[in-house]
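Novice: Could you have a look at this structure, given as structure tokens, before my questions?
Chains as they are written, first to last, in UniProt numbering: chain A, 1 to 251; chain B, 1 to 251.
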């Protein structure tokens, strides 16, 4: 029997418990939405790092033309980095490696290393990601949905995202499955009459983003299931799953 | 401006942050529901303790006729104690002091000591409790709703309870107020079409209680707002707020 388990913030991750499991990481505002959109804008890969220091250290391995530094710390754009807002990235990331440092999402992804497979997901690609998870699920493997949260706080937008993913999983899983209490609650929230945009702008992070004039970004990230690209985090970088890599036709 | 802040489990309580604030503690299945029902069955007081050892130590202060020991540890009734299920307590608690040890709710209450005022609340008395909270609220005082959770896990039933309390507070608060993300999500859940009973029996603890044949208890605890008694936790014991105490007509 498959078990779907929702963690409400990255601080709840116990790396040992992810071993062998399929993990989906959500940071709807904005890291995992930024990742999805950067890949769809043509970024070669996104490398999620813990902070600006790791970003600079890593960037030394690349020619200056190959990468862009993108990131925030506690909501403020890091000096010398591009902001992680999708609307501002569109023109910068094509054919580049995006080195991305954020307070929550990229940290959650790094804490998930050790899982069998890791998907960064968001509202835009939730359907595509869950279809891929289910089609590759091994017997007995758990599906662990990690809400990144915000600095050890529960985030409404990630919880809504978890509800959306569970709703997709319910459609796609063939056999019986169980869901923990957090997942059950998230799914009820998702199926309530509250619209995604109206909910997300009430959240603490949503309010913050709106107060800085980035309504366009929120409108973009609430589009459910419009993105068919499946991002996968392996070998320390996030790429489009199944995309043709240099020098080979194999995924 | 009043701030309503929901904590999702007792492990999130930071005692220093409760100073001066009004705290409402929820352990819907079952501790705070048990407390409400024990008081309505005529218990003199309920004394919440951390565990069986503290319960025995405390009981030494009383004559054997004065008290009953009630409690569970990780869902199992403690040897020599009465089970905390309301349906089983009805005939034992009248005019007694109930010394109550549970895994979550009574621990959450004890962790909340230091707050300005502490109310154990549940679905049955949520309306009465929130009315009392609002009528005694001081300028700038926060309302902190503590979901006890279950052994460091999020609990659906307490989250639903938090949503119910916020819905009541929204009706009763006159001035402007803010709600944290957890509270916003809980309120949306409460206003969804999912009925309380149907939701609660899907929760991990609800399933456990039902599997032990205590459907009657779940049916009793989901009755919203039927109980007008306000329990208050002060001087280490929970009594009916405003009840006539021995030797005086004053509250």
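Beta carbons are placed, not taken as given, at the ideal position from N, Cα and C, and that holds for glycine. Everything numeric in this text was worked out from a predicted model, so none of it was measured.
Do the segment 85–94 of chain A and the segment 119–135 of chain A touch if we need at least three Cβ pairs shorter than 8 Å?
Specialist: no
Novice: Is the CB of residue 147 of chain A under 7 Å away from at least one CB in chain B?
Specialist: Here the question's residue 147 of chain A lines up with position 147 in the first chain. Residue 147 of chain A does not count as touching chain B.
Novice: Could you give the DSSP three-state label for residue 62 of chain B: helix, strand or coil?
Specialist: Taking the first residue of the second chain as position 1, residue 62 of chain B is located at position 62. Here residue 62 of chain B sits in coil by DSSP.
Novice: Apart from the five residues on each side of it in sequence, which residues of its chain come closer than 7 Å, Cβ to Cβ, to residue 244 of chain B?
Specialist: To locate residue 244 of chain B, count along the second chain from 1; it is residue 244. The predicted model places residue 244 of chain B with a pLDDT of 43, which falls under 50 and marks its position as unreliable, so this point remains unresolved.
Novice: On the CB-based measure, 16 or more other CB atoms within 10 Å of its CB, does residue 233 of chain B come out buried or exposed?
Specialist: Start at 1 with the first residue of the second chain, and residue 233 of chain B comes out as number 233. Label assigned to residue 233 of chain B: buried.
Novice: Should residue 202 of chain B be flagged as near chain A, meaning a C-beta pair shorter than 7 Å?
Specialist: What you label residue 202 of chain B is simply residue 202 of the second chain in a count that begins at 1. For residue 202 of chain B, the nearest CB of chain A lies under 7 Å from its own CB, placing it at the interface with that chain.
Novice: Does the distance from the C-beta atom of residue 184 of chain B to that of residue 153 of chain A stay below 7 Å?
Specialist: By 1-based counting over the second chain, the position of residue 184 of chain B is 184. By 1-based counting over the first chain, the position of residue 153 of chain A is 153. No; because the gap between Cβ atoms is not below 7 Å, this pair is not in contact.
Novice: Run down chain A in chain order and give the residues with a C-beta less than 7 Å from the C-beta of residue 155 of chain B.
Specialist: Indexing the second chain from 1 puts residue 155 of chain B at position 155. Near residue 155 of chain B (Cβ distances below 7 Å), the residues of chain A are 181.
Novice: Exposed or buried, residue 274 of chain A, counting other C-beta atoms within 10 Å across all chains shown (16 or more means buried)?
Specialist: Here chain A covers residues 1 to 251 and nothing more, so residue 274 of chain A does not appear.
Novice: Note down the Cα distance separating residue 77 of chain B from residue 180 of chain A, rounded to an integer number of angstroms.
Specialist: The residue you call residue 77 of chain B lines up with position 77 of the second chain. The residue you call residue 180 of chain A lines up with position 180 of the first chain. Rounded to whole angstroms, residue 77 of chain B to residue 180 of chain A spans 24 Å at the Cα level.
Novice: Would residue 36 of chain A be called buried (16 or more neighbouring beta carbons within 10 Å of its own) or exposed?
Specialist: Indexing the first chain from 1 puts residue 36 of chain A at position 36. Looking at its Cβ environment, which holds 16 or more other Cβ atoms inside 10 Å, residue 36 of chain A is buried.
Novice: Pair every Cβ in the segment 3–16 of chain A with every Cβ in the segment 136–153 of chain A, then say whether three or more of these pairs are closer than 8 Å.
Specialist: yes
Novice: Assign residue 103 of chain A to one of three DSSP states: helix, strand, or coil.
Specialist: As a first step, residue 103 of chain A must be located in the first chain, where it is residue number 103. It is coil, neither helix nor strand.
Novice: Is there at least one Cβ from chain A nearer than 7 Å to residue 87 of chain B's Cβ?
Specialist: Taking the second chain and counting its residues from 1, the one referred to as residue 87 of chain B is at position 87. Not closer than 7 Å to any Cβ of chain A, the Cβ of residue 87 of chain B fails to qualify, so no.
Novice: Can you find the residues in the same chain that come closer than 6 Å, C-beta to C-beta, to residue 101 of chain B, ignoring five residues on each side of it along the sequence?
Specialist: For the purposes of this step, residue 101 of chain B is taken as the residue at position 101 of the second chain. For residue 101 of chain B, where only same-chain residues beyond five positions count, the Cβ hits under 6 Å are 49, 51, 52, 55 and 71.
Novice: Any beta carbon from chain A within less than 7 Å of residue 194 of chain B's own beta carbon?
Specialist: Residue 194 of chain B sits at position 194 when you count from the first residue of the second chain. So, interface residue.
Novice: For residue 108 of chain B and chain A, any beta-carbon pair shorter than 7 Å?
Specialist: The residue labelled residue 108 of chain B in the question sits at position 108 within the second chain. Chain A contact via Cβ: absent.
Novice: Starting from the Cα of residue 224 of chain A, find the closest Cα among A/240, A/39 and A/28 and give me that residue.
Specialist: Here residue 224 of chain A is taken as the residue at index 224 of the first chain, counted from 1. The shortest Cα separation from residue 224 of chain A among A/240, A/39 and A/28 belongs to A/28.
Novice: Mind checking if residue 246 of chain A is an interface residue toward chain B, Cβ cutoff 7 Å exclusive?
Specialist: Here the question's residue 246 of chain A lines up with position 246 in the first chain. With a pLDDT of only 41 at residue 246 of chain A, under the threshold of 50, the placement of this residue in the model should not be trusted; the figure read from the coordinates follows. No - not a single Cβ of chain B is within 7 Å of the one on residue 246 of chain A.
Novice: I think residue 126 of chain B touches residue 165 of chain B, with their Cβ atoms under 8 Å apart; what is that distance to the nearest whole Å?
Specialist: Along the second chain, read from residue 1 onward, the residue named residue 126 of chain B stands at position 126. Along the second chain, read from residue 1 onward, the residue named residue 165 of chain B stands at position 165. Correct: roughly 5 Å between the Cβ atoms.
Novice: Quick one: which chain A residues come within Cβ less than 8 Å of residue 31 of chain B?
Specialist: Start at 1 with the first residue of the second chain, and residue 31 of chain B comes out as number 31. Neighbours of residue 31 of chain B on chain A: none; closest Cβ ~17 Å, over 8 Å.
Novice: Across the segment 11–19 of chain B and the segment 59–69 of chain A, are there enough close Cβ pairs to call them in contact, namely three or more that are closer than 8 Å?
Specialist: no
Novice: Can you tell which of B/140, B/138, B/139 and B/161 has the C-alpha that lies nearest to the C-alpha of residue 149 of chain B?
Specialist: What you label residue 149 of chain B is simply residue 149 of the second chain in a count that begins at 1. For the residues B/140, B/138, B/139 and B/161, the minimum Cα distance to residue 149 of chain B belongs to B/161.
Novice: Taking Cβ positions only, does residue 188 of chain A come closer than 7 Å to chain B?
Specialist: Position 188 of the first chain holds residue 188 of chain A. Chain B, which has a Cβ nearer than 7 Å to the Cβ of residue 188 of chain A, makes this yes.
Novice: Assign residue 247 of chain B to one of two classes, buried (16 or more other C-beta atoms within 10 Å of its C-beta) or exposed (fewer than that).
Specialist: For this step, residue 247 of chain B is matched to residue 247 along the second chain. Note that residue 247 of chain B scores 38 on pLDDT, short of 50, meaning its location in the model is unreliable; the coordinates nonetheless yield the value given after this. Label assigned to residue 247 of chain B: exposed.
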